[in-house]
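For my numbering, add 1119 to where a residue sits in the sequence shown, where the first one is 1. We put the CB at the ideal spot given by N, CA and C, even for glycine.
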Amino acid sequence: MSMIKEKLKEKIEGWRPRTTMLLKEYGKVQIGEVTIAQAIGGMRGVKCLVTDISYLDPMEGIRFRGYTIPETLKALPKVPGREMPYVEGFIYLLLTGDIPTEEQALELVEEFKKRHKTPDYVFDMIKALPKDSHPMAIFAAAIVAMQRESIFVKKYNEGISKMDYWEPTYEDAMNLLARLPEIAAFIYRWKYRDGDIIPPDPNLDMGGNFAHMMGIDKPYDDVARLYFILHSDHESGNVSAHTGHLVASALSDIYYSISALIDGLAGPLHGLANQEVLRWIQGVMDEMGGKIPTEEEMKKFVWDTLNSGQVVPGFGHAVLRKTDPRYQAQREFCLKHLPDDDIFKYVDILYKVVPPILEEQGKAKNPWPNVDAQSGVIQWYYGLREYDFYTVLFGIGRAIGVCSNIIWDRALGYPIERPKSLTTAMLEEVAGIKK
Ligand code: NMX
Ligand code: MLT
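Here's what the structure looks like:
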């Protein structure tokens, strides 16, 4: 058994009694109540999911295994000579709850290298798709195409005990995570670079190898590391994480679950907002003839968007009630590496003008920018200008968080998810409108 799997086993065995006791002895203790507004309104704020991988506080933002973003980036072992930590070390943290030593992070780097061989049929399948397919559709299809590789399915069919489900799930998850960067880079080079594919470099870590396969020079390796870490997890209620968890709860394997997650992430109210931000800014740039707008001019563009019934992409959030710390982390990167970039200047002006406008409009509960408002700028600056690819990068990151969650879901024996629905007439009756 590998070092990380051994460690995970120890953690799982130590954790299980906590879940068992809560369920058996305290199962009837109430943690909240549900209103009609919540049942109709997308279950906002209903406390009905459990995860220890990350927690989202509305005012503070995300903590991964108890660490804020600055704490996470500071504590994890860094790639020598680079600013950002190993993504593999971050995966160690999400899985075990512990900050790895450099040696432990490097062991995981080696483990991923061993697992990374993507089956040829995946690339053949991608090449058979129409080139104008959206990259997220191609990505989801490529992932589900590998379902036949599932070790969980094989072991399940052999009659493995429920207590051991997490082990083949771990194997599937690690195999899939090892392959996602290569599949994503292949989609990019096939779709936008005339199929000029760059093979992986076995000497590089996940972030370094992704930058290499994309054909983008340093510091894009650090951009990739930062992206995969920042986008990994945002507790369990967001559409992509929840979809992954929901599908996996039926004991569908990792390939089905992560492919489904990608489908959810592809919506413009969720991950696709990062492409929408760039599309929106490009529209403003076209109208401005390349000139940087004044704050007054920018306000007009924002009001025009709102008055035409559209949302301002990259702003607002279902849980957060302040500027997303993932936005801040990327803003700090921009201030350091691309302070004079025109698109960054646009985003900077938007940061000043949008929140007061959303407050004045009085609809959005959170007027502040989210992760997607800043992420496309960095990609654009480093030459990745095909913005319909941006959500694939989010998807690689999110797969890391959701795979970690699904392994733990299986380890703690979480059951198939099945909330209860009511009819409108039942709600009217509860409300006392009609008997
Ligand atoms: N621009 C305009 N209107 C907004 C915005 C915005 N950025 N954010 C919220 N609203 C509206 C929202 O459409 C709703 O209007 P209505 O009552 O007419 O249906 C009203 O304000 C109340 O919505 P909230 O309760 O504040 O937000 P909700 O929790 O329903 O949705 C988002 C959260 C993130 C879907 C919403 O803020 C939004 O559409 N933002 C723009 C898209 C975006 O940036 N999505 C990415 C989120 C992060 N991610 O990566 O997933
Ligand atoms: C996410 O990262 O999933 C988004 O910020 C959406 C959310 O948390 O609701």
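Residue i to residue j span [Cα, whole Å]
i, j, result
"Lys-1166", "Ala-1256", "31 Å"
"Ala-1261", "Glu-1202", "32 Å"
"Lys-1539", "Val-1496", "42 Å"
"Gly-1161", "Thr-1288", "30 Å"
"Ile-1210", "Lys-1419", "43 Å"
"Val-1438", "His-1361", "14 Å"
"Val-1272", "Asp-1372", "7 Å"
"Phe-1452", "Gly-1390", "20 Å"
"Pro-1254", "Gly-1185", "33 Å"
"Val-1263", "Asn-1524", "19 Å"
"Asn-1426", "Leu-1546", "33 Å"
"Ile-1270", "Lys-1455", "44 Å"
"Arg-1344", "Val-1206", "6 Å"
"Arg-1312", "Pro-1319", "16 Å"
"Glu-1505", "Tyr-1307", "9 Å"
"Val-1153", "Gly-1146", "17 Å"
"Ala-1292", "Asp-1423", "45 Å"
"Asp-1382", "Val-1358", "10 Å"
"Glu-1144", "Tyr-1446", "41 Å"
"Met-1265", "Glu-1478", "46 Å"
"Lys-1421", "Ala-1297", "With the sequence shown as reference, residue 1421 is identified as Val, and Lys is not the correct amino acid for it. Roughly 41 Å between the two C-alpha positions."
"Met-1404", "Pro-1412", "8 Å"
"Gly-1133", "Leu-1175", "24 Å"
"Asn-1294", "Met-1282", "21 Å"
"His-1364", "Ser-1355", "8 Å"
Proximity to residue i [Cα-Cα], best of the options
i, options, result
"Pro-1189", "Pro-1204, Val-1198, Pro-1177 and Pro-1199", "Pro-1204"
"Tyr-1501", "Pro-1196, Asp-1340, Val-1241 and Glu-1414", "Asp-1340"
"Pro-1249", "Trp-1309, Thr-1170 and Ser-1376", "Trp-1309"
"Ile-1400", "His-1389, Asp-1315 and Glu-1416", "Glu-1416"
"Tyr-1284", "Asp-1243, Trp-1527 and Val-1342", "Trp-1527"
"Ala-1385", "Tyr-1374, Val-1511, Met-1404 and Ile-1131", "Val-1511"
"Pro-1136", "Thr-1542, Val-1342 and Leu-1531", "Leu-1531"
"Thr-1542", "Phe-1258, Asp-1291, Lys-1337 and Ala-1158", "Ala-1158"
"Lys-1482", "Gln-1429, Ile-1317 and Pro-1300", "Gln-1429"
"Val-1521", "Ser-1252, Met-1244 and Val-1169", "Val-1169"
"Asp-1460", "Thr-1220, Ala-1259 and Lys-1410", "Lys-1410"
"Ile-1377", "Ile-1515, Arg-1529 and Gln-1223", "Ile-1515"
"Gly-1151", "Arg-1440, Leu-1141, Ala-1518 and Gly-1164", "Gly-1164"
"Pro-1177", "Gly-1216, Asn-1485 and Leu-1299", "Asn-1485"
"Val-1228", "Gly-1208, Met-1407 and Gly-1216", "Gly-1208"
"Val-1342", "Gln-1149, Leu-1175 and Val-1198", "Val-1198"
"Gly-1180", "Ala-1448, Asp-1507 and Leu-1503", "Ala-1448"
"Arg-1440", "Asn-1489, Glu-1226, Gly-1356 and Ala-1379", "Asn-1489"
"Gly-1216", "Glu-1230, Ala-1247, Phe-1183 and Lys-1233", "Phe-1183"
"Ala-1224", "Leu-1388, Ile-1123, Pro-1444 and Gly-1363", "Ile-1123"
Where the beta strand (DSSP E) through residue i begins and ends
i, result
"Phe-1183", "1180-1183"
"Ser-1359", "Per DSSP, Ser-1359 belongs to no beta strand (DSSP E); it is in the alpha helix (DSSP H), 1358-1368."
"Leu-1175", "1173-1176"
Whole-angstrom C-beta distance between residue j and residue i, which should lie under 8 Å
i, j, result
"Ile-1218", "Ala-1194", "5 Å"
"Leu-1212", "Leu-1127", "Leu-1212 to Leu-1127, Cβ: 12 Å. No contact."
"Phe-1442", "Trp-1487", "Looking at the sequence itself, residue 1442 is Thr, so the reference to Phe does not match. With 8 Å as the limit, Thr-1442 and Trp-1487 qualify as a contact, their Cβ atoms being about 4 Å apart."
"Ile-1316", "Phe-1305", "6 Å"
"Leu-1503", "Ile-1335", "7 Å"
Range covered by the alpha helix (DSSP H) that runs through residue i
i, result
"Leu-1384", "1373-1384"
"Ser-1494", "1491-1500"
"Asp-1239", "1239-1247"
"Trp-1587", "Nothing about residue 1587 can be read from this structure; the chain reaches only from 1120 to 1554."
"Cys-1522", "1509-1530"
"Arg-1137", "1122-1145"
"Cys-1453", "1444-1456"
"Gly-1326", "1325-1333"
"Gln-1401", "1392-1407"
"Asp-1423", "1414-1426"
Within-7 Å CB hit, residue i to chain C
i, result
"Pro-1387", "The structure shown has no chain C; it contains just one protein chain."
query = Are the segment 1472-1482 and the segment 1415-1435 touching by the rule of at least three beta carbon pairs closer than 8 Å?
reply = Output reads yes: the segment 1415-1435 touches the segment 1472-1482.
message = Is it the case that the segment 1236-1243 contacts the segment 1346-1359, given that we only count it when at least three CB pairs across the two stretches are under 8 Å?
response = No, they do not touch.
query = Contact between the segment 1320-1328 and the segment 1546-1553: three or more CB pairs below 8 Å?
reply = By the criterion of at least three beta-carbon pairs nearer than 8 Å, the segment 1320-1328 is not in contact with the segment 1546-1553.
ask   = Quick check: the segment 1458-1470 against the segment 1364-1378, are there 3 or more CB pairs under 8 Å?
value = The answer is no - the segment 1364-1378 does not touch the segment 1458-1470, with fewer than three Cβ pairs under 8 Å.
ask   = Just checking, does the segment 1393-1411 make contact with the segment 1483-1498 on the three C-beta pairs under 8 Å criterion?
value = Short answer: they touch.
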